[in-house]
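Let me begin by presenting the structure, written as structure tokens, before commenting on it.
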Amino acid sequence: MPTSFKPIKLLVLLGLIGIVLMACSNNNGSSGASEIIAPDLQDDSAESSQEEATNEEEPVVITMVDRWDEERMQDRMGLVNHKMDHVSLQHIQSDVTSENLQEVMASGVTPDIITGGGVHILEDLDMLLPLDDLVEQFDFDLDSLDPGLVAYIRALDPAGEGRLIGMPDGTGYATLYYNKEIFDLFGVPYPDPEESMTWDELLDLAREMTGERNGINYIGLQLSGSDSVRGSSISLPLRQLAINATDPETGESLVTEDPRFKQYFELLYEYYRIPSIYEWQKDHDGNMFQDNMAAMAIDWQSFLTGEYGEMEYTRENIEIAPQPVWKEQPDTGHYLGTTPMMINKHSDNIELAFEVLMEYVSKENQTRRARTAAGGPAYIDADLEAQYGQDDPGYEGKNVLAFYQRTPAEYEQVSRWDSFVNYDETILKLAETDIDVNSALRELEEEINVAVEDAKAQQ
198 MPTSFKPIKL
208 LVLLGLIGIV
218 LMACSNNNGS
228 SGASEIIAPD
238 LQDDSAESSQ
248 EEATNEEEPV
258 VITMVDRWDE
268 ERMQDRMGLV
278 NHKMDHVSLQ
288 HIQSDVTSEN
298 LQEVMASGVT
308 PDIITGGGVH
318 ILEDLDMLLP
328 LDDLVEQFDF
338 DLDSLDPGLV
348 AYIRALDPAG
358 EGRLIGMPDG
368 TGYATLYYNK
378 EIFDLFGVPY
388 PDPEESMTWD
398 ELLDLAREMT
408 GERNGINYIG
418 LQLSGSDSVR
428 GSSISLPLRQ
438 LAINATDPET
448 GESLVTEDPR
458 FKQYFELLYE
468 YYRIPSIYEW
478 QKDHDGNMFQ
488 DNMAAMAIDW
498 QSFLTGEYGE
508 MEYTRENIEI
518 APQPVWKEQP
528 DTGHYLGTTP
538 MMINKHSDNI
548 ELAFEVLMEY
558 VSKENQTRRA
568 RTAAGGPAYI
578 DADLEAQYGQ
588 DDPGYEGKNV
598 LAFYQRTPAE
608 YEQVSRWDSF
618 VNYDETILKL
628 AETDIDVNSA
638 LRELEEEINV
648 AVEDAKAQQ
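Just so we're aligned: the sequence shown equals residues 198 to 656 in the numbering used here.
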């Protein structure tokens, strides 16, 4: 196994096969194994304490494989490693593909924890270990975790049996952001801070606030900063339906059979028929809300972090409201996606690896991550929810409880074949051509069936 001082060379091949819809970037380059630390948790006595402990038993190495870089891993796991004196967390940065995992094992390393969307990859390699028995053995309180996340993890079970195939790695929340200054300019009341609008009501507002004022073109609603539905805010209405585009068993397309796909694409069709809304967004690279020219935007919980806008303007004019909903299910929000943190069934330290996962989803660690707006917490707690983003100036004083005010939709089973579905071209057709929704769905179905057959042929 790797130690902190002897890196293992790892050939990282290109490619990521994933189920979870996330809007995160990958690093496909080579990476060695490195110890996970949290510099802000170290104190001046650390070195002397280590010297005093030289005669003590060496900590057990737990090797983690995932795509995050060293800085991200320190943020995510640094506190865990700091608290568990009997463990040394080592990290190998790699996309989770079958080829990459086999390269790691061929180098003599047996990964203990693997984080990635490729549940079926671990299943095919006979590495997947359901955690239900460990939950019982350690008397771990699953009720301490967000039930929407637990449900999603169970829906990822390749066998369709609802097994707990991993621990949730946090989540993302999409909701409605709005600019009070633009609402005032158009003479429109602000959204309710607690009650959701329906999607139809949202489109009506978007039409009302799309137009020219004082020589500036404004749009009422920015749905996405990109043309892609996968992981972007434009997917929110679809995520609230929690439906598969493919049959989990056969991979056959379901988009023309399930009327809810038509419902979703008709919503987008109506959105793109608002005069000028698409063209003006293209002129501004889809960032009109960030440029203070869009009244509303649907986006993720980290929208206001980092380099977002001028901070004084953000504090004064930008606020958060609950996510819009389908009128047929007014209390249902989008499903909570997550990347499963899975234990390798061939690990020599299965129980210790589970202890690491328990510490990761602990209230202390999840609070630390939530306060920086690094991600939605896996741990469920009203006090923790209120603290979201409070260490980030963009969220100070904002209505962060809006993220949590709807019950998440739940999948029965996530289809492995949905990872080969691409909605991008269909959405572009709706935005840029006169195609009707039924024709767009028929063309999408053909594309899906071809993509799935190609994927099957490569297995």
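Ideal Cβ placement from N, Cα and C applies to all residues, glycine included.
Three-state secondary structure (DSSP) at residue i?
i: Q563; result: helix
i: S222; result: Any reading at S222 must be qualified, since the residue scores a pLDDT of 34, below 50, and its modelled position is unreliable; the value itself is stated next. Coil.
i: L213; result: Bear in mind that a pLDDT of 29 at L213, under 50, signals an unreliable position, so the number given afterwards is only what the model happens to contain. In the structure shown, L213 sits in coil (DSSP, three-state: anything other than H, G, I, E or B).
i: A654; result: helix
i: I289; result: strand
i: N541; result: strand
i: Y576; result: strand
i: S245; result: Residue placement at S245 is poorly supported in this model, since its pLDDT is 39, which falls under 50; the coordinates still yield a value, given next. Looking at S245 - three-state DSSP - the assignment turns out to be helix.
i: T623; result: helix
i: L549; result: helix
i: P365; result: strand
i: L342; result: strand
i: P605; result: strand
i: G359; result: coil
i: G530; result: strand
i: V335; result: The sequence given here has Phe at residue 335, not Val. F335 falls in the coil class under three-state DSSP.
i: E640; result: helix
i: N646; result: helix
i: V558; result: coil
i: P199; result: Summary for P199: the model assigns pLDDT 40, below 50, so the residue's position carries little reliability; its value from the coordinates is reported in the next sentence. P199: coil per DSSP, three-state reduction.
i: I350; result: helix
i: N252; result: Confidence at N252 is low in this model, with a pLDDT of 46, below 50, so the placement of that residue should be treated as unreliable; the coordinate-derived value is given next. In the structure shown, N252 sits in coil (DSSP, three-state: anything other than H, G, I, E or B).
Does the separation of the CB atoms of residue i and residue j fall below 9 Å?
i: N376; j: A492; result: yes
i: Y469; j: Y475; result: yes
i: V553; j: P365; result: no
i: L276; j: F458; result: no
i: I311; j: M555; result: no
i: Q478; j: I416; result: yes
i: N489; j: I379; result: yes
i: P390; j: E296; result: no
i: G357; j: Q610; result: yes
i: N541; j: D263; result: no
i: G369; j: G594; result: no
i: G363; j: Q563; result: no
i: V634; j: E463; result: yes
i: I431; j: L465; result: yes
For residue i, tell me which candidate among the options has the shortest Cα-Cα distance.
i: E644; options: N619, K626, N635 and Q656; result: N619
i: S612; options: P308, I350 and E268; result: I350
i: L433; options: N489, A371 and G367; result: A371
i: V258; options: D266, N278, L373 and W614; result: N278
i: D455; options: W265, E642 and D266; result: E642
i: L373; options: A356, D329, Q419 and N484; result: Q419
i: A570; options: E640, V597 and D482; result: V597
i: A654; options: D633, G572 and W614; result: W614
i: S551; options: N411, L361 and D588; result: The sequence given here has Phe at residue 551, not Ser. Nearest of N411, L361 and D588 to F551, Cα basis: L361.
i: L402; options: N411, R410, E391 and G384; result: G384
i: E507; options: L625, G591, L627 and P386; result: G591
i: F600; options: H283, I577 and Q526; result: I577
i: D266; options: S291, D336 and D330; result: S291
i: P472; options: E254, A628 and V262; result: A628
i: H283; options: I495, T307, L549 and R565; result: L549
i: F486; options: M406, G363, M261 and A567; result: M406
i: I547; options: A567, L326, D480 and F617; result: L326
i: G412; options: E254, S636 and L382; result: L382
i: T260; options: V306, S636 and V332; result: V306
i: P527; options: P355, E392 and D329; result: E392
i: D354; options: L331, V332 and I318; result: I318
i: N646; options: A442, D480 and D589; result: A442
i: D482; options: R512, S421 and E622; result: S421
i: E561; options: D580, H543 and D545; result: D580
i: W497; options: S429, T536 and E513; result: S429
How about residue i: is its C-beta nearer than 9 Å to some C-beta of chain D?
i: N376; result: As a matter of chain content, chain D is missing from the structure shown, which is built from one protein chain.
Report whether the distance from the Cβ of residue i to the nearest heavy atom of the ligand SAH is below 8 Å.
i: A583; result: In terms of ligand content, the structure shown is empty, and the ligand SAH therefore cannot be addressed.
Note to self: Using 8 Å as the cut-off, can you tell me whether the segment 524–533 makes contact with the segment 334–347, which would need three or more C-beta pairs spanning the two stretches below that distance?
What the structure shows: yes
Checklist line | the segment 576–585 contacting the segment 605–617, beta-carbon criterion three pairs below 8 Å | finding: No contact exists between the segment 576–585 and the segment 605–617.
Item checked: Minimum length 4: unbroken alpha helix (DSSP H) runs contained in the segment 367–436 -> 377–383, 396–405 and 433–436
Notebook entry, point to check: On the three-pair Cβ rule with 8 Å, is the segment 500–514 touching the segment 282–297?
Noted result: no
Notebook entry, point to check: Quick one: any contact between the segment 321–328 and the segment 265–282, if contact means 3 or more CB pairs under 8 Å?
Noted result: In the pairwise beta carbon analysis, the segment 321–328 is classified as not touching the segment 265–282: fewer than three pairs are separated by under 8 Å.
Checklist line | Stretch pair the segment 521–529 + the segment 430–445: three plus CB contacts closer than 8 Å | finding: yes
Next item on the list: Flag this pair as touching only if the segment 447–459 and the segment 637–653 have three or more C-beta atom pairs under 8 Å; answer yes or no.
Entry: yes
Check: Fully enclosed by the segment 434–522, which beta strand (DSSP E) runs are 3 residues long or longer?
Finding: 491–497 and 515–518
Checklist line | Whole beta strand (DSSP E) elements within the segment 258–332, 3-residue minimum | finding: DSSP runs (the beta strand (DSSP E)) wholly in the segment 258–332: 284–290 and 310–312.
Check: Would you call the segment 291–302 and the segment 327–342 touching, i.e. three or more CB-CB distances under 8 Å?
Finding: no
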